[in-house]
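Here is the structure we will look at.
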Amino acid sequence: MTVVATAAALSLPISFSKSPKLNFKKSVKGGFRVFAVFGEEGAIERKSGWETLFDVEDPRTKVPQCKGKFLDVNQALEVARYDIQYCDWRARQDVLAIMLLHEKVVEVLNPLARDYKSIGTMKKELAGLQDELAEAHRQVHISEARVATALDKLAYMEELVHDRLLQDRNTAELDSPSTLPGTSTQSHDSVNRRSPKKSLNVSGPVEPYNPRLKNFWYPVAFSSDLKDDIMIPFDCFEEPWVLFRGKDGNPGCIRNTCAHRACPLHLGSVNDGRVQCPYHGWEYSTDGKCEKMPSTRLLNVKIKSLPCFEKEGMIWVWPGNDPPAANLPSLKPPPGFQIHAELVIEIPVEHGLLLDNLLDLAHAPFTHTSTFAKGWSVPSLVKFLTPASGLQGYWDPYPIDMEFRPPCMVLSTIGISKPGKLEGQSTRECSTHLHQLHVCLPSTRQKTRLLYRMSLDFAPVLKQIPFMHYLWRHFAEQVLNEDLRLVIGQQERMVNGANIWNMPVSYDKLGVRYRLWRNAVEEGAKQLPFSQST
């Protein structure tokens, strides 16, 4: 296999020389017996009741033999694994050293020692032991850093192997000969035509929306915003619509254009469960039928309406031509969470670009330096870990779970006990959490209707503070503005021909899967990728 790394690139914190000759010392403590071996490099071996924990073979006797300047994939992975084994062994020796020093401290402080030691002697011994303990603790921290570095290296090498195997497989597909004589040219051409599907190309002006993308239930408003006498205008797939409640209190969605003279209906009012046009007073029910025409004879007129339902505090519509799906998705917060904020914001970018941004957390310490990621350190490696057939997973090293929920929703649960810290790879390790829902409704090819809902599993008293929703909105807009200046720039370059997915890397996994899912929908695939049934 071809070379993927050099020995120098590994920067192993070890020596490839043989272990030095060891000097034996015996240590006997009251109640804790230890036979330890100290070497020139501080190596320790012992026999005691802690056999299982410390009885680990010194890995330096099994240093991988590497020939030449470069390593192939297998050799590089073997050296990386050895690096981790060494760090584990070294850390165990450091812990044992601290235990032995602790026993010495106990011995010095033993009341019986006062019979034959002066206070000055005891102080001197304790001062010496304090220095030794400080050095031992320093060595433990060094070992912790070595382990973290070794794990990062191993993860990086595994990524290289995966990428190389994928490249070799694609090359083999392109170079494989046809099985039938006389059709080699045709076969090669068909492979070449299929090969671009293996990569993402999102460039050029935004194309008109594919009708297949409309055949889903879309959340368009929060129930709390739709009062009995209120209309909510919105665009969906470049068509104008208006929401209102009918006589029975159920929501309805009709085209926001009067059949008479094309006046926007949302400029009118809601009268007895009907929308009244402000131009000539024509009134429409939730099914789009015109039920009143003042000053003229009533004609049989009906404007387009959409299937519209209400569930769990959200209003949903079905904009597609196919029959609506029987079940509406559930977007309610997890058990134990209370909703603290529901916001609707119009964003001047195409909804796919906004989803790309929301499904990416690696940009946070570079983009959101004035808001939630202020002071975050930059990890050496960021990964999104997910099942092979899933659209959900968790971020490493951030304690954040994330999911793309078709067709346009992003759900995330964030552990905020230690915001900005890298400890922990799971939200379960945090005591308090923030749950977010982002709905990116495709309004037009240059505009997205964003529905944002924030829930907390702590601090319920915040719901009682007056005007708190204004503070939440201010913070949300600050975060969005940090993103928008970048995403708008992406959109401008995309329209001019730049590929915004030109070079995806490992932490782009969820965004890439969204794009592959969307491509499959638009192509009419019978089985959508990454679905729960695959």
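For the sequence shown, position 328 matches number 308 in our numbering, and the numbering has no gaps at all.
Idealized CB from N, CA, C, for every residue including glycine.
DSSP-derived helix/strand/coil call for residue i
| i | result |
| --- | --- |
| glutamine 256 | strand |
| glutamate 503 | coil |
| proline 379 | coil |
| histidine 343 | coil |
| tyrosine 374 | strand |
| isoleucine 327 | strand |
| isoleucine 468 | helix |
| leucine 279 | coil |
| valine 250 | strand |
| histidine 117 | helix |
| histidine 348 | coil |
| glutamate 58 | helix |
| cysteine 243 | coil |
| lysine 272 | strand |
| alanine 305 | coil |
| alanine 321 | strand |
| tryptophan 481 | coil |
| isoleucine 122 | helix |
| aspartate 111 | helix |
| aspartate 74 | helix |
| isoleucine 396 | coil |
| asparagine 337 | helix |
| methionine 79 | helix |
| glutamate 37 | coil |
| tyrosine 543 | The structure shown has nothing for residue 543, since the chain only spans -19 to 514. |
| glutamate 187 | coil |
| valine 550 | No answer is possible for residue 550: the residues shown for the chain start at -19 and end at 514. |
| valine 86 | helix |
| lysine 312 | coil |
| glycine 355 | coil |
| leucine 180 | coil |
| proline 91 | helix |
| leucine 193 | helix |
| leucine 106 | helix |
| serine 486 | helix |
| glycine 300 | coil |
| threonine 163 | With a pLDDT of only 35 at threonine 163, under 50, the local geometry of the prediction cannot be trusted, and no value is derived from it. |
Bridge partners - residue i, DSSP secondary structure assignment
| i | result |
| --- | --- |
| leucine 286 | Cys233 |
| alanine 201 | Ile295 |
| leucine 391 | Glu383, Leu417 |
| lysine 363 | Asp376 |
| tyrosine 264 | Val255, Cys270 |
8 Å Cβ cutoff met for residue i and residue j
| i | j | result |
| --- | --- | --- |
| serine 486 | lysine 363 | yes |
| leucine 430 | histidine 418 | yes |
| glutamate 330 | lysine 312 | no |
| threonine 428 | leucine 334 | yes |
| cysteine 233 | leucine 286 | yes |
| proline 484 | leucine 278 | no |
| phenylalanine 384 | leucine 341 | no |
| leucine 81 | alanine 116 | yes |
| serine 204 | glutamate 290 | no |
| phenylalanine 438 | threonine 412 | yes |
| lysine 282 | lysine 269 | yes |
| phenylalanine 217 | proline 386 | no |
| tyrosine 264 | valine 255 | yes |
| alanine 86 | methionine 102 | Note that residue 86 is valine in the sequence shown here, rather than alanine. For valine 86 and methionine 102, no; Cβs fall outside 8 Å. |
| proline 231 | leucine 206 | yes |
| arginine 225 | glycine 248 | no |
| glutamate 462 | serine 350 | yes |
| isoleucine 295 | leucine 193 | no |
| glycine 355 | proline 379 | no |
| alanine 201 | isoleucine 212 | yes |
Enumerated in chain order, which unbroken segments of the beta strand (DSSP E) with a length of 3 residues or greater are wholly contained in the segment 399 to 462? You should have 413 to 424, 427 to 436.
At what residue ranges does the segment 207 to 241 contain a whole run of the beta strand (DSSP E), taking only runs of 3 or more? Runs of the beta strand (DSSP E) inside the segment 207 to 241: 212 to 216, 219 to 225, 231 to 235.
Between the segment 288 to 299 and the segment 368 to 388, can you find at least three pairs of beta-carbon atoms closer than 8 Å? A contact between stretches requires three or more CB pairs, one per stretch, nearer than 8 Å, and the segment 368 to 388 fails this requirement with the segment 288 to 299.
Would you check if the segment 317 to 331 and the segment 252 to 265 touch, i.e. whether three or more CB-CB distances between them fall below 8 Å? Look at the beta carbons and you see the segment 252 to 265 not touching the segment 317 to 331: under three pairs across the two are nearer than 8 Å.
Is the segment 180 to 187 touching the segment 378 to 397, taking contact as three or more C-beta pairs under 8 Å? Verdict: no, contact absent.
How about the segment 441 to 451 and the segment 416 to 424: do they share at least three Cβ pairs that are nearer than 8 Å? Fewer than three pairs of CB atoms, one per stretch, sit closer than 8 Å, so the segment 441 to 451 makes no contact with the segment 416 to 424.
Should the segment 350 to 367 be called in touch with the segment 487 to 507, which here means at least 3 C-beta pairs below 8 Å? Contact holds: three or more Cβ-Cβ distances are below 8 Å.
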